[in-house]
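Under the numbering used here, think of the first position of the sequence shown as 30, with each following residue one higher.
Structure, as structure tokens:
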Amino acid sequence: MGLICILAPDDLLHTSLGKKISFGFGIFWSLRLLIQFFGYSSTLWKGKVFETVVHVIFSIFWTYTTILFFAMSLLD
Numbered sequence: 030m031g032l033i034c035i036l037a038p039d040d041l042l043h044t045s046l047g048k049k050i051s052f053g054f055g056i057f058w059s060l061r062l063l064i065q066f067f068g069y070s071s072t073l074w075k076g077k078v079f080e081t082v083v084h085v086i087f088s089i090f091w092t093y094t095t096i097l098f099f100a101m102s103l104l105d
């Protein structure tokens, strides 16, 4: 996923296949975001400073990547 984004960003943005791949990446990251909130027990991070900070940072990151890839797939 990372190599495609680094090596072929123009293809992801400007081709039909690239838009479909970006949409698929958006689905992947949205599922990962849902797993973050509903798949993992909150007892793993609640009440622990480091784990809570990591949980919040990664939640923000997965939200950002989800929005980014869905937006890339919708650009004309």
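Every residue, glycine too, gets a C-beta built ideally from N, C-alpha and C.
Query raised in the report: What is the C-beta distance between L42 and C34, in whole angstroms, given that I count them as a contact (C-beta under 8 Å)?
Result: Contact flag wrong, Cβ pair sits at about 10 Å.
Query raised in the report: Apart from the five residues on each side of it in sequence, which residues of its chain come closer than 7 Å, Cβ to Cβ, to L104?
Result: L42
Query raised in the report: Are S88 and Q65 close, meaning C-beta to C-beta below 8 Å?
Result: yes
Query raised in the report: How many angstroms separate the CA atom of I3 from the CA atom of S70?
Result: Here the chain has residues from 30 to 105 only, and residue 3 is not among them.
Query raised in the report: According to DSSP, is Y93 helix, strand or coil?
Result: Y93 falls in the helix class under three-state DSSP.
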